[in-house]
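Structure first, then comments.
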Amino acid sequence: MNGSSALVDNAGASQSRRVFWDQDVYQLELERIFSRCWLMLGHDSLVPKPGDFITTYMAEDRVILSRQPDGSLKAFINSCTHRGNQICHADSGSAKAFVCNYHGWVFGQDGSLVDVPMEERCYHSDLDKSKLGLAPIRVETYKGFIFGCHDPEAPSLEDYLGDFCWYLDTIWDGPDGGLELVGPPLKSTLACNWKVPTENFVGDGYHVGWTHAAALQMIGGELAGLSGNRADMPFDDLGLQFTMRHGHGFGLIDNAATAIHVKRDGYVKYLEQTRGGIREKFGPERERLYVGHWNTSIFPNCSFLYGTNTFKIWHPRGPHEIEVWTYTMVPKNADTETKRSIQREAIRSFGTAGTLESDDGENMSSATYNNNGIITRKGRMNSSMGKDREGPHPVYPGIVGVSFIGETSYRGFYRFWQEILDAPDWAAIRANDDTWDAMWTNRNFWPERLSAKEAEPQD
Numbered sequence: 016m017n018g019s020s021a022l023v024d025n026a027g028a029s030q031s032r033r034v035f036w037d038q039d040v041y042q043l044e045l046e047r048i049f050s051r052c053w054l055m056l057g058h059d060s061l062v063p064k065p066g067d068f069i070t071t072y073m074a075e076d077r078v079i080l081s082r083q084p085d086g087s088l089k090a091f092i093n094s095c096t097h098r099g100n101q102i103c104h105a106d107s108g109s110a111k112a113f114v115c116n117y118h119g120w121v122f123g124q125d126g127s128l129v130d131v132p133m134e135e136r137c138y139h140s141d142l143d144k145s146k147l148g149l150a151p152i153r154v155e156t157y158k159g160f161i162f163g164c165h166d167p168e169a170p171s172l173e174d175y176l177g178d179f180c181w182y183l184d185t186i187w188d189g190p191d192g193g194l195e196l197v198g199p200p201l202k203s204t205l206a207c208n209w210k211v212p213t214e215n216f217v218g219d220g221y222h223v224g225w226t227h228a229a230a231l232q233m234i235g236g237e238l239a240g241l242s243g244n245r246a247d248m249p250f251d252d253l254g255l256q257f258t259m260r261h262g263h264g265f266g267l268i269d270n271a272a273t274a275i276h277v278k279r280d281g282y283v284k285y286l287e288q289t290r291g292g293i294r295e296k297f298g299p300e301r302e303r304l305y306v307g308h309w310n311t312s313i314f315p316n317c318s319f320l321y322g323t324n325t326f327k328i329w330h331p332r333g334p335h336e337i338e339v340w341t342y343t344m345v346p347k348n349a350d351t352e353t354k355r356s357i358q359r360e361a362i363r364s365f366g367t368a369g370t371l372e373s374d375d376g377e378n379m380s381s382a383t384y385n386n387n388g389i390i391t392r393k394g395r396m397n398s399s400m401g402k403d404r405e406g407p408h409p410v411y412p413g414i415v416g417v418s419f420i421g422e423t424s425y426r427g428f429y430r431f432w433q434e435i436l437d438a439p440d441w442a443a444i445r446a447n448d449d450t451w452d453a454m455w456t457n458r459n460f461w462p463e464r465l466s467a468k469e470a471e472p473q474d
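Numbering (my numbering), first residue to last: 16 to 474.
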């Protein structure tokens, strides 16, 4: 494959259908995206005490994340350095060591090889255990959320998140302790390419009124008017879309944080009690974010809905299947009943058999498998909605689109997807830092729009 130029057309806002089907594309993704980017591993709340661990994945590599005796975190590949067997089969727990059930090699909490059965008799003291520890993984955290990275040349996690930290701080570092994840995760498999749900969460407000029409009618509330796309609504004034340097992005629906919750009294009360602290700490622009609903993806394969408070990791299993891990994201210092209520509502809507999850799953599978036809996959997909109605904003970092129903963040996701597939290393990516947003040529969109709105007569 000669680069990604045939796969993504930034100027024309289109992508080849091969991005959802091609095995060669997927292998390149494993090498240049999943082996080089920061990937979500978990949250401090899932490994609170020394000795606590969880097992997870980084793409198709099995991983152990372990809390160390000094409180730090270490992660390593879950594969014995003797004959490659999976060492730890438990999803989570507490352990002083990890023992391979094939030949009994023992690895410490830090991944070092500490004991080998019959070492003196069988290896004749000729085994250098210091060189046979489990393959280590870089681990860094941001506001309690834990990420891992294989590439020593990758930027720090905070630099990788970049301007997105400005947004994440609003909810991950709020005045009342931020957020945490409730586990263990629900797990399911879905027959789709990993990018289909990631792009859906990064900014697909367009499907909400159509795909989820029946569910929205049943749920009622603020989003019911979107059902069937029948309402005459001022979409340009109901939210925004955002995209960042490294492909992260989200869509915001104003004043809709609790919109998908049927039983919401505790959560509504909590937001009302804390929004003043957000305004005081961060200002009115981020108070707007705090009480809105976010559909969000952190490049490459972690997504969440703030408000609905479902948190997803899309673990790829080849180009045509994923394993979906679903946590609930709750305010850390909310009362127990409010947390339970949020979790129940999140599972009802976006759990494995959730009402909205089922709607989405069918489309995601179809969007993948419909491209198995040799003629079909020669076609292209369009992501031009809202093109040129976006640009740098005087307050919000990154590139900002005028409506939550648009594809600004789609274009931003695939812009970076193309860049990192083409780049030989992180040095080549860093070389583009000052020009990454050059494809958005309407630099005066927001100054002119805001100036025009200020000039409008006030009621």
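We treat Cβ as the ideally placed atom computed from N, Cα and C, and that holds for glycine.
Residue i: buried (16+ other C-beta within 10 angstroms of its C-beta) or exposed?
i	result
residue 55	buried
residue 433	buried
residue 165	buried
residue 199	exposed
residue 454	exposed
residue 89	buried
residue 468	exposed
residue 405	buried
residue 410	exposed
residue 64	exposed
residue 315	buried
residue 266	buried
residue 278	exposed
residue 254	buried
residue 136	exposed
residue 93	buried
residue 397	exposed
residue 117	exposed
residue 111	exposed
residue 98	exposed
If you run the structure through DSSP and keep just helix, strand and coil, what is residue i?
i	result
residue 389	coil
residue 317	strand
residue 40	helix
residue 2	The structure shown has nothing for residue 2, since the chain only spans 16 to 474.
residue 341	strand
residue 219	strand
residue 486	Coverage of the chain is limited to positions 16 through 474, which leaves residue 486 absent and any answer about it impossible.
residue 198	strand
residue 117	coil
residue 253	coil
residue 259	coil
residue 78	strand
residue 73	strand
residue 292	helix
residue 457	coil
residue 462	helix
residue 367	coil
residue 23	strand
residue 275	coil
residue 470	helix
residue 310	strand
residue 204	strand
residue 283	helix
residue 149	coil
residue 123	strand
residue 212	helix
residue 143	coil
residue 375	helix
Can you name the start and end residues of the beta strand (DSSP E) that residue i belongs to?
i	result
residue 327	325 to 331
residue 91	88 to 92
residue 397	395 to 397
residue 55	54 to 58
residue 29	29 to 31
residue 444	Here residue 444 belongs to no beta strand (DSSP E); instead the alpha helix (DSSP H) covers 441 to 445.
residue 266	264 to 268
residue 128	128 to 130
Taking residue i as part of the alpha helix (DSSP H), name the residues at either end of that continuous run.
i	result
residue 110	First-last for residue 110: undefined, no H or E at that position.
residue 180	179 to 187
residue 304	299 to 305
residue 137	134 to 138
Does the distance between the C-beta of residue i and the nearest non-hydrogen atom of the ligand MG fall short of 6 Å?
i	result
residue 208	No copy of the ligand MG appears in this structure; indeed no ligand is present at all.
Could you confirm whether any beta carbon from chain C is found closer than 7 Å to the beta carbon of residue i?
i	result
residue 159	Absent here is chain C; the protein component of the structure consists of one chain.
Any 3 or more C-beta pairs closer than 8 Å across the segment 292 to 306 and the segment 338 to 345: Between the segment 292 to 306 and the segment 338 to 345 there are fewer than three inter-stretch CB-CB distances shorter than 8 Å, so the stretches are not counted as touching.
Completely contained beta strand (DSSP E) runs for the segment 399 to 435, where each covers 3 or more residues: Counting only runs of 3 or more, we get 405 to 407, 414 to 416.
Counting beta carbon pairs with one atom in the segment 284 to 292 and one in the segment 223 to 238, are three or more of them shorter than 8 Å? Touching, no, given that fewer than three Cβ pairs across the two stretches are closer than 8 Å.
Specify whether the segment 396 to 406 and the segment 180 to 198 touch according to this definition: at least 3 beta carbon pairs, one from each stretch, less than 8 Å apart. Short answer: they don't touch.
Which residue spans inside the segment 151 to 177 form an unbroken beta strand (DSSP E) run of at least 3? Here the runs fully enclosed are 151 to 157, 160 to 164.
Can at least three beta-carbon pairs, one atom from the segment 29 to 38 and one from the segment 382 to 399, be found at a separation below 8 Å? These segments touch.
Indicate whether the contact test is met: 3 or more Cβ pairs, each with one atom in the segment 168 to 182 and one in the segment 153 to 160, closer than 8 Å. Result yes; three or more Cβ-Cβ pairs closer than 8 Å.
Determine, using beta-carbon pairs with one atom in the segment 371 to 387 and one in the segment 208 to 219, whether at least three such pairs fall under 8 Å. With the rule of 3 Cβ pairs closer than 8 Å, the segment 371 to 387 counts as touching the segment 208 to 219.
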